[in-house]
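Just below is one structure, and these are the notes that go with it.
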Amino acid sequence: MTDQIPTDDLPFPHRHLLGTQNLSRDDIQRILDLSEGYVDHNRQRGNRRLDLAGRTQINLFFENSTRTLTSFELAGKRLGADVINMNTEVSSTKKGETLIDTAMTLNAMHPDILVVRHPASGAVALLSQKVDCAVVNAGDGKHEHPTQALLDALTIRRRLHRLEGLKIAICGDVAHSRVARSNIHLLNTMGARVRVIAPPTLLPTGIAQLGVETYTDMRAGLEDVDVVMMLRLQRERMTGSFLPSVREYYHFYGLDHEKLAFAKDDALIMHPGPMNRGVEIDTDVADDIHRSVIREQVEMGVAVRMAVLELLTPKYGNGAPV
Ligand code: ASP
72 MTDQIPTDDL
82 PFPHRHLLGT
92 QNLSRDDIQR
102 ILDLSEGYVD
112 HNRQRGNRRL
122 DLAGRTQINL
132 FFENSTRTLT
142 SFELAGKRLG
152 ADVINMNTEV
162 SSTKKGETLI
172 DTAMTLNAMH
182 PDILVVRHPA
192 SGAVALLSQK
202 VDCAVVNAGD
212 GKHEHPTQAL
222 LDALTIRRRL
232 HRLEGLKIAI
242 CGDVAHSRVA
252 RSNIHLLNTM
262 GARVRVIAPP
272 TLLPTGIAQL
282 GVETYTDMRA
292 GLEDVDVVMM
302 LRLQRERMTG
312 SFLPSVREYY
322 HFYGLDHEKL
332 AFAKDDALIM
342 HPGPMNRGVE
352 IDTDVADDIH
362 RSVIREQVEM
372 GVAVRMAVLE
382 LLTPKYGNGA
392 PV
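Under the working numbering, the first residue of the sequence shown carries the number 72, and numbering increases by one thereafter.
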């Protein structure tokens with residue numbers, strides 16, 4: 072069954088989706104517009120389509136994931152693709168096979184699309200140069216997580232009807248966050264005004280060159296913003312001591328109603344998940360039914376990934392390098 076999703080047959084000008092940095096305003100708008108149709112489609116029963124029937128999608132995750140892996144799996148299946156999840160815990164990578172050997176092995180099976188998550192920044196781009204199919208970056212180290220930024224943009228656009236001119240604060244562990252980086256590039260391209268708020272130890276060097284305003288004080292940074300995007304403390308990526316204590320971090324940087332009061336009255340609350348309640352976000356704020364769009368983000372994730380998978384399959388892809 073194929074219902075009408077507004078789309079076009081123009082080639083998408085990228086072979087892979089490795090980040091948001093190289094996406095133009097038109098590319099982003101096109102992905103978001105196509106995703107809109109899938110949001111409505113996904114809310115219906117019997118929502119399987121045939122757009123990717125006969126195509127093979129391999130999800131190759133070298134890092135743990137709950138929502139991203141499930142979301143990509145659902146997205147592929149809802150478009151009719153054959154979806155295979157490669158569990159690296161039981162695959163040959165545990166026997167010492169290198170990333171490139173794994174990529175070459177999978178390439179020999181002629182998949183149409185590889186969705187890859189890896190703990191090393193740049194690993195997914197490297198892999199994309201070795202295979203013949205489209206590659207989607209599902210998160211590489213602290214570098215990029217493009218589909219997260221796209222689903223965040225879709226969530227904001229549906230709620231606030233635009234991205235241009237909005238004041239958006241990205242708060243917390245910016246230094247270790249691929250979500251922050253992908254959002255900064257995308258939101259800047261779309262004309263939003265991005266602020267980052269973090270303790271000095273969790274701000275990456277060179278952050279000012281990314282075209283954001285930097286704050287180390289939550290109250291000052293949240294003043295009058297339209298969107299508050301919280302980040303998880305990525306302790307698994309921290310080598311050494313970045314914080315005096317989690318308690319102190321929550322006191323200064325955890326989002327509670329008192330700090331949120333500095334943002335606009337109807338400011339949206341976002342978090343990419345998984346959340347650490349009581350660390351970067353207060354439970355009442357996370358569950359605020361009027362302002363928290365955290366669950367909506369998860370829903371938008373499936374729609375955005377369907378749009379990305381569809382645009383990158385050969386029907387659309389023109390083989391041009393990113
Ligand atoms: N799920 C997001 C990521 O994979 C955010 C996080 O883990 O904190 O980057």
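Here a beta-carbon is modelled for each residue, glycine too, at the ideal position from N, C-alpha and C.
Contact annotation: the segment 101-110 touches the segment 224-232, with at least three C-beta pairs closer than 8 Å.
The continuous beta strand (DSSP E) containing T285 extends over residues 284-286.
Look at A205 here: in three-state DSSP terms it is strand. For N158, there is no enclosing alpha helix (DSSP H); the residue is found in the beta strand (DSSP E) stretching over 153-158. Per DSSP, H189 lies in no alpha helix (DSSP H) segment; the continuous beta strand (DSSP E) that holds it begins and ends at 184-189.
Membership of N178 in any beta strand (DSSP E) is not indicated; the residue belongs instead to the alpha helix (DSSP H) covering 170-178. The ligand ASP never approaches R366 closely enough for any of its heavy atoms to be under 7 Å from the residue's Cβ.
In the DSSP assignment, N130 forms a beta bridge with N156, V186.
With a 10 Å radius around the Cβ and a threshold of 16 neighbouring Cβ atoms, S95 comes out exposed. Contact between H214 and R252 holds, with the beta-carbon distance rounding to 7 Å and staying under 8 Å. Of the other Cβ atoms in all chains shown, fewer than 16 fall within 10 Å of the Cβ of I360; this residue is therefore exposed.
Its chain contains N130 as the residues whose beta carbon lies nearer than 6 Å to that of N156, once the 5 sequence neighbours on both sides are disregarded; these appear in chain order. In the pairwise beta carbon analysis, the segment 133-142 is classified as touching the segment 188-199: at least three pairs are separated by under 8 Å.
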